[in-house]
Structures are given as structure tokens and as C-alpha cells.
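Shown next, in C-alpha cells, is the structure this report addresses.
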Amino acid sequence: MLDLDDLTIDNAYFRSVDMIVRRMLDPVWHKVDPRTEQLVSDLATLRRLLTYLLTYNTLAFHACLETLITANMTTDVGTAAPAPVAVDAHRRGAHHNAGVIL
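Its first residue numbered 1, the sequence shown is counted upward by one per residue in full-length UniProt numbering.
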């Protein structure tokens, strides 16, 4: 059973939430589905994007997003949810839930 006490909004902003999740899953990582592994990787990407959003100017951040999208394009859409899909879903969610930020 996973202890979810460390998964808080504050930790998402100020700590590597992806590392917290990875540490929780470490005992069973060899049993984890590839989609779950991808989601943990996407958490790391989203955490980096949050840092970039707060530190880069708009043009540099846009260039970073374009690079990320290009790097994550796949021919088989069903294999995994690439980070740009997660970014787009987050962006759409932010419009509907203005007070909720990943």
C-alpha cells in the first residue's frame, strides 16, 4: 500500500514530486505497467516545465515547448501519452479549473 501523505500541492511546487512517486513505487517498480512509468516521466517533464515557466522569458519558454513537442512526436499515438498531450490536457484543465495548477 502506498503512503500518499507526501503528495501535496506544496511538494508539487517545491520538491520533485516525480521522485516522491518513484520512491513510493520503487519496491514494485519491476511490476509497474509501462504506461505508469510514462506517467512518472511525464510528471518530471511537467515539473521541469513549471520551473522553466517561472524562469524563462516567453520566447525561450515557447522554444522549449516546441523542442519538447518535436522530441515527443510518435507515429503510434496509442503506445504512450507523450508529454505534449499532457501539457495540452493541463492547459485545457487550467482554463476550466483556474484555481487548480499541477
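Where a beta carbon is used, it is the ideal one built from N, C-alpha and C, also for glycine. Quick caveat: nothing in here was measured; it's all calculated off a predicted structure.
Backbone CA spacing between residue i and residue j [nearest angstrom]
i	j	result
residue 156	Arg48	Outside the displayed span of the chain (1 to 102) sits residue 156, for which this structure offers no information.
Thr58	Leu68	15 Å
Ser16	Leu46	10 Å
Asp26	Ala71	27 Å
Asn97	Trp29	Bear in mind that the predicted position of Asn97 carries a pLDDT of just 42, short of 50, making it too unreliable to give a figure here.
His62	Leu50	13 Å
Glu66	Arg35	23 Å
Cys64	Asp18	20 Å
Alpha helix (DSSP H) segment containing residue i, residue limits
i	result
Ser16	First-last for Ser16: undefined, no H or E at that position.
Tyr52	34-55
His62	58-71
Residue from the options with nearest C-alpha to residue i
i	options	result
Ile20	Leu65, Met73, Asp5, Cys64	Asp5
is_contact[residue i, chain D] using C-beta, thresh 9 Å
i	result
Asp5	The chain labelled as chain D is not found in the depicted structure, where only one protein chain is given.
Contact between the stretch 53-61 and the stretch 35-42 is defined here as three or more beta-carbon pairs at a separation below 8 Å; is this criterion met?
no
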